[in-house]
Amino acid sequence: MTAGGGGASVLLVDDDPGTLETLRDILETRRFRVATAASGEAAVAMASARPYDAVLMDIVMPGLGGVDALRAIKAHEPRTPVIMMTAFTRDELVADARRATAVAVLAKPLEMDRLLALLERVTAGGAPPREEPR
Numbered sequence: 014m015t016a017g018g019g020g021a022s023v024l025l026v027d028d029d030p031g032t033l034e035t036l037r038d039i040l041e042t043r044r045f046r047v048a049t050a051a052s053g054e055a056a057v058a059m060a061s062a063r064p065y066d067a068v069l070m071d072i073v074m075p076g077l078g079g080v081d082a083l084r085a086i087k088a089h090e091p092r093t094p095v096i097m098m099t100a101f102t103r104d105e106l107v108a109d110a111r112r113a114t115a116v117a118v119l120a121k122p123l124e125m126d127r128l129l130a131l132l133e134r135v136t137a138g139g140a141p142p143r144e145e146p147r
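Add 13 to the 1-based position in the sequence shown for the working numbering, that's all there is to it.
Written out as structure tokens, the structure is:
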């Protein structure tokens, strides 16, 4: 788990350490306060312990997958916006994330400008348009 100083708090969840490090560095340069989790289980525990302004989470992870972690987080904090990301843009994965109320599903590799604009919008309280992977 890592935390940085600045503005809105984001819980970043991915089982790939390189992805966590890269995204954390990018978000922290944009003044987000970032906490990281390397599993769905850790994400649920962290989101249950304190509120975050947004969650950015991978869909496909070993153990508790992203969609199940999303459901668990929403059961505890229903208003927390959760953005899902995936390298596997199969229709059923996207549909599962949508049904679990993800505000967006973004395809990896991520388009950073798009991700940052979306995070800034949801952490400012704006309702984002439903986004599909592209």
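Where is the CB? At the ideal position from N, CA and C, for every residue including glycine.
Between the Cα of residue i and those of the options, spot the shortest distance and give me the residue it belongs to.
i      : options                     : result
Ala82  : Ala117, Gly53, Leu24        : Gly53
Glu133 : Asp71, Leu40, Ala55, Lys121 : Leu40
Ala21  : Lys87, Ala55, Glu105, Thr42 : Thr42
Ala55  : Pro91, Arg46, Asp71         : Asp71
Gly138 : Leu123, Leu106, Val116      : Val116
Met97  : Glu90, His89, Leu106        : Leu106
Let me confirm a value: residue i is counted as buried when at least 16 other C-beta atoms fall within 10 Å, else exposed. Which label applies?
i      : result
Asp126 : exposed
Val23  : buried
Thr93  : buried
Thr114 : exposed
Ala108 : exposed
Ala110 : buried
What number of angstroms, rounded off, separates the C-alpha of residue i from the C-alpha of residue j?
i      : j      : result
Val73  : Gly79  : 6 Å
Arg44  : Lys87  : 25 Å
Lys121 : Pro30  : 15 Å
Arg46  : Asp104 : 32 Å
Arg112 : Pro75  : 21 Å
Glu34  : Pro64  : 22 Å
Thr102 : Leu77  : 19 Å
Ala130 : Asp38  : 16 Å
Arg124 : Val95  : Checking the displayed sequence, the identity of residue 124 turns out to be Glu instead of Arg. Spanning the two alpha carbons is a distance of roughly 17 Å.
Check whether the Cβ atoms of residue i and residue j sit closer than 8 Å, and answer yes or no.
i      : j      : result
Val26  : Ala62  : no
Val68  : Ala60  : yes
Thr136 : Val118 : no
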